[in-house]
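So this is what it looks like as structure tokens:
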């Protein structure tokens with residue numbers, strides 16, 4: 054897997070992948086997300102935040118992924134990569150099976166690929182303004198792209214408080230949590246997202262499609 058840093062390419066061999074959940078900085082917003090998912094039948098977490106270890110093989114840069122049935126959707130998340138003892142910030146989607154999520158959040162995280170963008174930024178260079186970075190996503194409904202998530206990284210727990218979860222594992226990566234869905238969590242096949250740094254006027258973008266495999270029994 055290759056990532057462009059702007060000045061060079063790096064090729065992390067990620068062998069340890071974590072999906073962080075319930076990482077909202079505003080506890081009222083976290084509870085809103087818990088309630089939002091509870092309406093879909095999802096049991097509340099035992100504690101917050103939670104760190105779900107998933108198969109490293111799920112991390113991909115594919116433009117198309119395959120999922121079982123029409124019940125999944127993406128979530129835009131900052132991605133931290135520990136490569137050679139240095140942290141890089143990227144963008145990923147925690148694509149999740151919403152039907153399975155009602156039974157087991159952990160199982161739903163393992164069921165779908167985690168798509169990531171091909172660009173990363175030097176995390177050390179962003180530490181003084183990382184909370185200002187904007188995160189947005191869109192889903193396609195009918196023929197139209199609809200804004201699905203919008204906010205800034207100051208809505209997520211400070212990435213420096215989450216990063217120790219992977220800093221002791223070289224060649225590791227972590228999806229660091231997401232923002233509430235505008236209009237509620239719902240399935241969607243087409244997903245796109247972006248990170249925007251207003252200080253440097255740079256963007257990282259992500260765009261992929263999920264194709265639905267037929268559920269047979």
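Numbering (this note's numbering), first residue to last: 54 to 270. Beta carbons: idealized from backbone N, C-alpha and C, even for Gly.
Which same chain residues, not among the five before or five after residue i, have their C-beta less than 8 Å away from its C-beta?
i, result
"residue 151", "93, 124, 125, 126, 161, 238, 239 and 240"
"residue 78", "207, 208, 209, 210 and 211"
What is the rounded straight-line gap between the Cα of residue i and the Cα of residue j?
i, j, result
"residue 114", "residue 129", "14 Å"
"residue 195", "residue 137", "44 Å"
"residue 235", "residue 200", "7 Å"
"residue 181", "residue 87", "30 Å"
"residue 267", "residue 122", "6 Å"
"residue 262", "residue 97", "29 Å"
"residue 99", "residue 74", "11 Å"
"residue 256", "residue 270", "44 Å"
"residue 116", "residue 172", "14 Å"
"residue 220", "residue 58", "19 Å"
"residue 156", "residue 227", "23 Å"
With the cut-off set at 8 Å, would you say residue i and residue j are in Cβ contact?
i, j, result
"residue 147", "residue 193", "no"
"residue 206", "residue 184", "yes"
"residue 67", "residue 224", "yes"
"residue 141", "residue 191", "no"
"residue 158", "residue 83", "no"
"residue 61", "residue 55", "no"
"residue 111", "residue 170", "no"
What does a CB cutoff of less than 7 Å around residue i pick up in its chain, not counting 5 residues either side in sequence?
i, result
"residue 85", "233"
"residue 222", "69 and 135"
"residue 76", "102, 209, 210, 215, 229 and 230"
"residue 163", "107 and 108"
Taking the beta strand (DSSP E) that residue i falls in, what are its first and last residues?
i, result
"residue 117", "117-121"
"residue 269", "Element bounds for residue 269: n/a, residue is neither H nor E."
"residue 151", "Run containing residue 151: none in the beta strand (DSSP E); it sits in the alpha helix (DSSP H), 151-154."
"residue 130", "129-136"
"residue 146", "139-147"
"residue 192", "187-194"
"residue 74", "69-74"
Starting from the C-beta of residue i, find all residues in its chain whose C-beta is less than 6 Å away, skip the five residues before and the five after it, and write them out in chain order.
i, result
"residue 187", "205 and 249"
"residue 245", "191 and 260"
What is the residue span of the alpha helix (DSSP H) that residue i lies within?
i, result
"residue 90", "80-91"
"residue 158", "158-164"
"residue 218", "217-220"
Between residue i and residue j, which are expected to be in contact by the criterion C-beta below 8 Å, what is the C-beta distance as a whole number of angstroms?
i, j, result
"residue 176", "residue 133", "7 Å"
"residue 179", "residue 259", "18 Å between Cβ atoms; not a contact."
"residue 189", "residue 119", "Contact flag wrong, Cβ pair sits at about 26 Å."
Are the C-beta atoms of residue i and some chain D residue less than 8 Å apart?
i, result
"residue 120", "Protein chains in the displayed structure number just one, and chain D is not present."
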